[in-house]
Structure formats: C-alpha cells, structure tokens
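Read the structure below first, then the notes.
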Amino acid sequence: MEKGSRILQIYHSLLEKYGTQGWWPIGGKYHPADYSFPKNGKQRFEICIGAILAQSISWKGAEKAVMNLRKAGLMDAGKLLRAPMPKLKSAIVPAGYFNQKARKLKEFARFYLALNGRAPSREELLSIWGIGKETADSILLYAYGVPTFVVDAYARRVFSGLRLVRRDADYDKIKQFFEGNLPKDAALFNEYHALIVRHAKEMKKKKAAN
DNA sequence: AGCCAGGCTACCG
DNA sequence: CGGTAGCATGGC
9 MEKGSRILQI YHSLLEKYGT QGWWPIGGKY HPADYSFPKN GKQRFEICIG AILAQSISWK
69 GAEKAVMNLR KAGLMDAGKL LRAPMPKLKS AIVPAGYFNQ KARKLKEFAR FYLALNGRAP
129 SREELLSIWG IGKETADSIL LYAYGVPTFV VDAYARRVFS GLRLVRRDAD YDKIKQFFEG
189 NLPKDAALFN EYHALIVRHA KEMKKKKAAN
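Residue numbers (our numbering): 9 to 218.
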C-alpha cells in the first residue's frame, strides 16, 4: 500500500475509535461535530488569542488565561492593544511565558485591527513576531475555516511512529504530505488534528499504565 | 521532584 | 545553515 493512501484510512479508523472531538472550545464549551465556528468576530478573535496563548503549554493554562482576558474586558483587539502591560501580563500568567506572550498578543492585536475584517494570508501571519507555522495554521483553520493542515508535535510523533513521515521531516513537508493526500476540507482537517492529539494522549496513558 | 504541555525567537558554532 | 537555550506556569 502506498503511504499517502493510508492517510484517509487512518483518519476513518481514528474517528471510529474515538468519535468526533470538538477540538476548539468556544465560550468554555466544546462542540463536537459542529464545524460552524466561529459564529462572529468576537469568537474569531478569541480563537486567535487562544492559539497564541496555547503555545507550548497545556490547554488548561491557556484556557484560564482566555477567561481572565475576557473578565478583564480585554478580549477585543483595540482594548487589548491599549491595555497597560502589567494588567495584560497578570491576566495571562496561567498560560506561562507571560512576558513573551503579552508582547505576542499586542503584536497580533495591532495586526488584527489593520486587517479590518478581512482574512489574513499565511504569509502575513508568519510575518508577525510570535507567530510561527503551527500557530499560523491553527489560526487559519480554526478561526477562519481555511482548509490548511495543522502539524504539531503529536502528528510528527504518531506518523513517524507509523513510518509514514520521517521523524526529522520539516514542518511544511509533513503538512504537504497530509494536504496532498486528503480532500481539501476544513472540517476534515479540523477533526483530524483533534483525533491525532486524542490518539497520542491515549497512547501515552497506555504507556504510563505499563 | 522532575518532566512535559495544543511553540517561537535569538543566538551559537 | 542546523541545533539549542531561554522563556514561566501548573499538573502529574
């Protein structure tokens, strides 16, 4: 069997095994099998902020920081941009790296305002300080519904374990491998990414139990 | 009690 | 160029 053709099969078996995941919580709630988010600009901005806050930290911490920002009235590009640094930093403490992330949020807020409602390109996102490939792709897929595949450490681990990608393959190469062997469908990419993470976590649990 | 989480930048050789 | 220290917190 050719490697690429297994990609869709694996998706179906993961979906059968774990069911729909509802990867991105909106308003503190998960919405499995509903790919219609974001419903408005506020939700869209919040997903972008969450994507930045979630860098190299458990989602739990990022989520707490998102809640704090909302409570502080900062879940708005203009307000976030004008917020005093100490206030911003203290709100995002649970997400770790608060000095760096405060700057990242400000840089993103400025960029977001300048978009004036239009969708950004991947290039534009990558040009922002603090936004790398994975965060850019997460924003495109989850905040804008652009069918772009999000590669993360889990995808690398799972698929190099299956010998389908090289463990040291570069980000865009892995991304192309997925995108080139799947229908270009945002809902599918959304679910697949979530299933990969779910699967990786299940494997880890199993390993820990041994 | 250390390791690792839904990464990225800066700097080193 | 590729490799890696540094960034910070919290859960296990």
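All C-beta atoms in this analysis are idealised placements derived from N, C-alpha and C, irrespective of residue type, glycine included.
>> Let me confirm a value: E54 is counted as buried when at least 16 other C-beta atoms fall within 10 Å, else exposed. Which label applies?
In response: With a 10 Å radius around the Cβ and a threshold of 16 neighbouring Cβ atoms, E54 comes out buried.
> Less than 8 angstroms separating the beta-carbons of A103 and A80?
Replying inline: no
> Are F167 and V173 closer than 8 angstroms when you measure CB to CB?
Replying inline: yes
> Mind checking Q108: buried by the 16 CB within 10 Å criterion, or exposed?
Replying inline: Per the 10 Å Cβ criterion, exposed.
> From this set, I18, I34 and R126, which residue's C-alpha is nearest H201's C-alpha?
Replying inline: The candidate whose alpha carbon is nearest that of H201 is I18.
> So the alpha helix (DSSP H) I182 belongs to, where does it begin and stop?
Replying inline: Y179 to G188
>> If contacts are defined as beta-carbon pairs under 8 angstroms, then P46 and Q29 qualify, I think. What distance do you get, rounded to the angstrom?
In response: Actually they do not touch by this definition, with Cβ atoms about 17 angstroms apart.
> Buried or exposed: which applies to D42, given that a residue is buried once 16 or more other Cβ atoms fall within 10 Å of its Cβ?
Replying inline: So D42 counts as exposed.
>> Starting from H39, trace the alpha helix (DSSP H) in both directions and tell me its first and last residue.
In response: That residue, H39, is in no alpha helix (DSSP H); it is neither H nor E in DSSP.
>> Can you list, in chain order, the residues of its chain with a C-beta nearer than 6 angstroms to that of D145? Leave out the 5 residues immediately preceding and following it.
In response: T156 and V158
> Would E199 be called buried (16 or more neighbouring beta carbons within 10 Å of its own) or exposed?
Replying inline: E199 counts as buried, since at least 16 other C-beta atoms from the protein chains shown sit within 10 angstroms of its C-beta.
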